[in-house]
Amino acid sequence: ARAAAKGERKGTMAKKDEAKAGDEDFIGVEDQIDLAGWGAFQTLAYVACYFFVVSDGMELIVTNVTFRAMPIQEWGMDDSNRGYLISASFLGFVVGGLVGGFIGDQVGRRTMLFVHTAIFLPFTVVSGLSQSYQTLMVSRLFVGLSMGIVLPTAVSYFSELCPTIFRGRAVVSLPMIGFTSGEVIVLLVGLGAMRVYGETDCGGDGCDWWRWMMVAGFVPDLIAVSLVYFFMPESPRFLLAQGRREEAEKAVRRIAEFNGTVGKLAEGGRLSPVRGGGGEEPAKLFKELLEAPLRDNLVLIIVVWGLLALPLFGMGYLFPIMLEKQFDVSPSRQFLLMIPFVAAETIGVAMAFFFIDDINVGRKRTIAAFEVVCVVLLAFGAYVSDWDLPWVVASYIVLKVVTAAPYNIMYTWAAELLPTTHRNQGISIGNASTKLIGGVCLPVLLTALVMVNGMVAASRMTFVGYALACVMTTAIVLNVGRETVGRVMVDVVDESLDDSSLLLTRRSSG
3 ARAAAKGERK GTMAKKDEAK AGDEDFIGVE DQIDLAGWGA FQTLAYVACY
53 FFVVSDGMEL IVTNVTFRAM PIQEWGMDDS NRGYLISASF LGFVVGGLVG
103 GFIGDQVGRR TMLFVHTAIF LPFTVVSGLS QSYQTLMVSR LFVGLSMGIV
153 LPTAVSYFSE LCPTIFRGRA VVSLPMIGFT SGEVIVLLVG LGAMRVYGET
203 DCGGDGCDWW RWMMVAGFVP DLIAVSLVYF FMPESPRFLL AQGRREEAEK
253 AVRRIAEFNG TVGKLAEGGR LSPVRGGGGE EPAKLFKELL EAPLRDNLVL
303 IIVVWGLLAL PLFGMGYLFP IMLEKQFDVS PSRQFLLMIP FVAAETIGVA
353 MAFFFIDDIN VGRKRTIAAF EVVCVVLLAF GAYVSDWDLP WVVASYIVLK
403 VVTAAPYNIM YTWAAELLPT THRNQGISIG NASTKLIGGV CLPVLLTALV
453 MVNGMVAASR MTFVGYALAC VMTTAIVLNV GRETVGRVMV DVVDESLDDS
503 SLLLTRRSSG
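So this note's numbering is basically just the index in the sequence shown, starting at one, shifted up by 2.
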């Protein structure tokens, strides 16, 4: 992968004819970031984006696992309201992803991170203080809205700051570690709050430990936005794509100063202008996403990511309900059993690390391999659905391992399939589609299946559906374009190979 990346960088550096006539003959932002290398700056950027994803990870499960402690009778709720509350959060995520992506490629990554925090912090507090079902529903909608903005933005931002040879593993590890940390931390917060408020005998008036879990995301998000505000510049890729070359050069030099590698920059960090670069209206950028050559990439991202979301989100939703309904475990035991379940995500993505940057395997084959294994394990999970608790829990944990890895790989692959000018918007649309499918539609559908057919039958029915999704994903992934591993990320549509290419790559120097 390193050799391929070096070869392509040499080709792009030699390709002088792409600059407009009369422009200085410097090199591209990708090459300068590669020369600056991985150092203190990327580490700090990783930490900042990690804390944003931690708060997102908390929100993925908090409504589901706290529902049993809410004042169900006092607020006139039943099991169906659980699905509605979760769907409200993810509906907000879908809207936030679409709106945030629409304007994020225009106003910048850093600005959108601030917009997210301005919405997230107050509505997180409102969620924890809610005194009615309606208030909680609205607050969760706005919390979801803010999370829809932050996740694709943080991924785009960090991917554009990474040297080529580190991008694949670094970007994939960000949601993996962040999501898992957030889910584990919010469960630990709940266990601590139970010791203060008690976990049983909640009655219809509920137990107040759920309120502390609702506000747990406030702290990591505050840490993240503080790091960005005081230390992180705007993405130089974004600035250059907007035609703001001087600002982009300052950002590149700041990165090198952080890393102590200023002397390694070529021409003092000067950058070649991007052909076709310059700020464009969000509506025009969105229109270009729906036209060749970007349209095929966007459809690929939406379809594959959406299919990958089905088993991952579906099992994440059913697991705590299964512990409650099928095995009647206490809240504390439920949380203790959920910790290894959510932590299993790190195992799968760690396994993917060995393959995604291998030039002979790459993104596509790694996704396909995990999906094939997933089909086998889903058959096993369906078979043991009515067995004892240890067997059922083990099947869910193993399935978490193999479903989380390909979903997280998509953060890297999607970023590489889109140019800088459209990256934030494209990733937002793709990620929003996963939340629409897995977070808005599935909870309502699965809740109805459980209420009508019972827990065991519902599990078996959904496992069959997940297996079909895995088969479809494998077929699609193995039959699309070329690999992106080792390739230089493109900045504008004009750098695409041609309108018939499914994957955007730079033109060969020859």
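A virtual CB, placed ideally from N, CA and C, is assigned to each residue, including glycine. None of the values given here were measured: they were computed from a predicted structure.
Cβ shell of residue i (< 8 Å), same chain only, five flanking positions each side left out
i, result
"leucine 401", "Pro313, Met317, Cys376, Leu379, Leu380, Gly383"
"leucine 176", "Tyr48, Cys51, Tyr52, Val55, Ala156, Val157, Phe160, Tyr413"
"glycine 39", "Pro165, Asn261, Thr263, Lys266"
"threonine 515", "Past the boundaries of the shown model lies residue 515; the chain is included only from 3 to 512, so the question cannot be answered."
"alanine 354", "Val174, Thr368, Phe372, Ala407, Pro408, Asn410, Ile411"
"arginine 171", "Phe355, Ile358, Asp359"
Residue j beta carbon less than 9 Å from that of residue i
i, j, result
"glycine 130", "glycine 184", "no"
"serine 430", "leucine 143", "no"
"valine 188", "isoleucine 63", "yes"
"threonine 126", "aspartate 223", "yes"
"glutamate 162", "arginine 425", "yes"
"isoleucine 439", "leucine 273", "no"
"valine 403", "isoleucine 349", "yes"
"phenylalanine 1", "glycine 110", "Outside the shown range of the chain (3 to 512) lies residue 1, about which nothing can therefore be said."
"phenylalanine 329", "leucine 391", "yes"
"threonine 422", "alanine 243", "yes"
"serine 387", "phenylalanine 465", "yes"
"threonine 436", "alanine 352", "no"
"methionine 216", "asparagine 410", "no"
"proline 322", "asparagine 66", "yes"
"glycine 441", "phenylalanine 92", "yes"
"proline 98", "alanine 434", "The sequence as given places glycine at residue 98; proline does not occur at that position. In contact: glycine 98 and alanine 434 (Cβ atoms closer than 9 Å)."
Status (buried if at least 16 other CB within 10 Å, exposed otherwise) for residue i
i, result
"glutamate 269", "exposed"
"serine 397", "buried"
"arginine 169", "buried"
"valine 145", "buried"
"alanine 460", "buried"
"aspartate 36", "buried"
"tryptophan 389", "exposed"
"serine 332", "exposed"
"glutamate 1", "With the chain running from 3 to 512 in the structure shown, residue 1 is simply not present."
"leucine 292", "exposed"
"serine 132", "buried"
"isoleucine 304", "buried"
"glycine 94", "buried"
"threonine 182", "buried"
"alanine 5", "Any reading at alanine 5 must be qualified, since the residue scores a pLDDT of 45, below 50, and its modelled position is unreliable; no value is offered."
"phenylalanine 356", "exposed"
"isoleucine 361", "exposed"
"tyrosine 385", "exposed"
Where residue i falls: helix, strand or coil (DSSP)
i, result
"glycine 24", "Residue placement at glycine 24 cannot be trusted, given a pLDDT of 44 that sits under 50; the coordinates are not used to answer."
"leucine 480", "coil"
"leucine 273", "strand"
"isoleucine 29", "strand"
"alanine 218", "coil"
"arginine 246", "coil"
"tryptophan 389", "coil"
"phenylalanine 329", "coil"
"proline 421", "coil"
"serine 132", "coil"
"glutamine 75", "coil"
"aspartate 36", "helix"
"methionine 196", "helix"
"asparagine 410", "helix"
"glutamate 373", "helix"
"methionine 234", "coil"
Cβ-based neighbour list, residue i, same chain, cut-off 6 Å, excluding 5 preceding and 5 following
i, result
"lysine 286", "none"
"aspartate 210", "Tyr199"
"histidine 118", "Ser148, Ile151, Val152"
"alanine 195", "Trp211, Trp214"
"tryptophan 372", "One detail in the question is off: residue 372 reads as phenylalanine in this sequence, not tryptophan. Closer than 6 Å at Cβ, skipping near neighbours: Val404, Ala407, Pro408."
7 Å Cβ shell around residue i - same chain, five flanking residues per side excluded
i, result
"aspartate 81", "Thr449, Met453"
"glycine 364", "Ile358, Glu485, Val487"
"valine 479", "Val306, Lys366, Ile369, Ala370"
"leucine 309", "Ala471, Met474, Thr475"
"valine 186", "Ile341, Val344, Ala345"
"proline 445", "Gly85, Ile88, Ser89, Tyr319"
"methionine 114", "Gly102, Gly106, Ile151, Thr155"
"proline 124", "none"
"serine 141", "Phe125, Val128, Ser129, Ser132"
Next item on the list: Taking 8 Å as the threshold, find out whether the stretch 47-66 comes into contact with the stretch 144-154 through three or more Cβ pairs.
Entry: yes
Next item on the list: Kindly confirm or deny that the stretch 223-239 and the stretch 252-261 touch, where touching means at least three C-beta pairs closer than 8 Å.
Entry: yes
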